[in-house]
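In our numbering, the protein residues as written are 230 to 538.
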Amino acid sequence: MAEKLTYNGKDITADVTAIAAAADLYTGSERSDVLELHFPEDEAWTTWRPQIDDVITYQRDGLNTGRLFIFDQELTSGGHVLYATTTPTDMREIPRTKAWERAHLSQIGGEIAARNSLSFELIGVDDNYFEYIKQEVESDAAFLAKLAILEGAALVVFDGRIIMAKEKELEAADPVAELDTNGAFVEFFDNSAKAYGSALISVGQFKGAYAANNGAARKLTEKPGNLQASSNAECMIYAAGLLRHKNKGLTGLKMTTTLSPEIPAGVTCTLGGSSVPKGWTGTLFVHHVRHEFHKNQSTIFLRKPLEGY
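Encoded structure:
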């Protein structure tokens, strides 16, 4: 697919030339997608004076970023650089305080999304009921990310949609591709011996425990600050979510290979070829991809799925 760039709804592909482009895509990494575009010094960007939260979209070779909001730009000796992300500035930067009583997760997420001119949806996540919950001097993005962790979910913002998707279901999906390790640069780590086997969470008078049955003896005990709960059952949900959050980053494999823009974050893949490290067979979860079009390379970050939670 040929390159296509829109700016505030207008197709400007023929008016500018991106001399370098890189896209970082995330799922379950508590970060938003970021696009970096470099333009020659004499391009029209200097005259147009792009503003914070102006909207751009970028399509190339199978990649479609959806709506992105400009959050930074700079003039360098080599030209003009634009940076854009999937979340508007106010959602990331303005601390807010708001309490909800007798509200479902979809109501809370929907209200926050509407405030930022976005939509909200749950995928595989129960629409849990909260007797009381408070966003306290937190940005909307940080508050939703915290809720996602507690629910064992990945928070994804894409093309004007805030999506909370159950991570264990994403990790259990069928692989979309086999990644060839031949000729690729591969490095990995495995700290799974440090995994927690269970979690006990205390919030005020309520407590909840969850055991992963993963053979690990370590116990996670926390009294999270800035968190409310109205039942032991709620704390048990939080315990499972926090246990997943602590354990999921204990394994990781980074693979730099030829440009593969058809691989997004949030899918599963397997490894093939002669350079598959020992212990890294089977299905792996892609939580971050960096596509660098000007270098004709992609760096794919994978981790081993967690079982059962």
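For each residue, glycine too, the CB sits at the ideal point set by N, CA and C.
Our two residues, Ile378 and Lys395, have alpha carbons roughly 10 Å apart in a direct line. In this structure, the alpha-carbon of Ile285 lies about 20 Å from that of Ala494. Non-local C-beta neighbours of Phe349 in its own chain, meaning closer than 6 Å and more than five positions away in sequence, comprise Gly338, Gly339, Ala342 and Ile391, ordered along the chain.
Comparing alpha-carbon positions, the option among Pro453, Gly502 and Tyr538 lying closest to Arg473 turns out to be Tyr538. The beta carbons of Leu513 and Thr499 sit closer together than 8 Å. Comparing alpha carbon positions, the residue from Leu531, Thr235, Ala252 and Thr497 closest to Glu416 is Leu531. Membership of Thr410 in any alpha helix (DSSP H) is not indicated, and neither H nor E is assigned to it by DSSP.
Positions of the alpha helix (DSSP H) runs, each at least 4 residues long and wholly inside the segment 458–517, are given as 461–476 in order along the chain. The C-beta distance from Arg321 to Ala370 rounds to 5 Å, short enough to fall under 8 Å. Annotation for Lys397: no beta strand (DSSP E) segment contains it, though the alpha helix (DSSP H) segment containing it runs Glu396 to Glu400. No residue range can be given for Thr242, since it is assigned to no alpha helix (DSSP H) and is classified by DSSP as neither H nor E.
In this structure, Leu234 places its C-beta atom within 8 Å of the C-beta atom of Tyr287. Assigned with DSSP and collapsed to three states, Lys436 falls in strand. In the three-state reduction of the DSSP assignment, Gly353 falls in the coil class, being assigned neither a helical nor a strand state. Secondary structure note for Glu451: its beta strand (DSSP E) is the uninterrupted segment Arg447 to Glu451. Nearest to Lys452 by alpha-carbon distance, out of Phe435, Ala424 and Gly389, is Phe435. The criterion of a C-beta distance shorter than 8 Å is satisfied by Tyr361 and Ala328.
Shown here for Asp283: same chain residues with a beta carbon closer than 6 Å to its own, the five before and five after excluded, namely Asn237 and Ile299 in chain order.
Three or more beta-carbon pairs drawn from the segment 245–262 and the segment 503–520 are found closer than 8 Å, and the two stretches are therefore classed as touching. Shortest Cα-Cα distance from His309 to any of Asp290, Arg447 and Phe268 involves Phe268. Judged by DSSP secondary structure, Ser335 falls within the alpha helix (DSSP H) whose first and last residues are Leu334 to Arg344.
Rounded to the nearest whole angstrom, the CA to CA distance from Lys448 to Gln364 is 28 Å.
Taking each of Glu491, Lys524 and Gly470 in turn and checking the Cα distance to Asp355, the smallest one comes out for Gly470.
Here DSSP, grouped into helix, strand and coil, assigns Ile378 to helix.
Of the residues assessed, Pro317 falls on the buried side of the cut-off, its CB having 16 or more other CB atoms within 10 angstroms. Around the CB of Ile492, 16 or more other CB atoms lie within 10 Å, so the residue is classed as buried.
Linking Asp253 to Asp262 through their CA atoms gives a straight-line distance of about 5 Å.
With contacts defined as CB atoms closer than 8 Å, Ile466 and Glu407 fail to qualify as a contacting pair. When C-beta atoms of the segment 481–490 are compared with those of the segment 399–413, three or more pairs fall below 8 Å, so the two segments count as touching.
Leaving aside the five residues that flank Ala441 on each side, the residues in its chain whose CB is nearer than 7 Å to its CB run, in chain order, Gly426, Ser427, Leu472, Gly537 and Tyr538.
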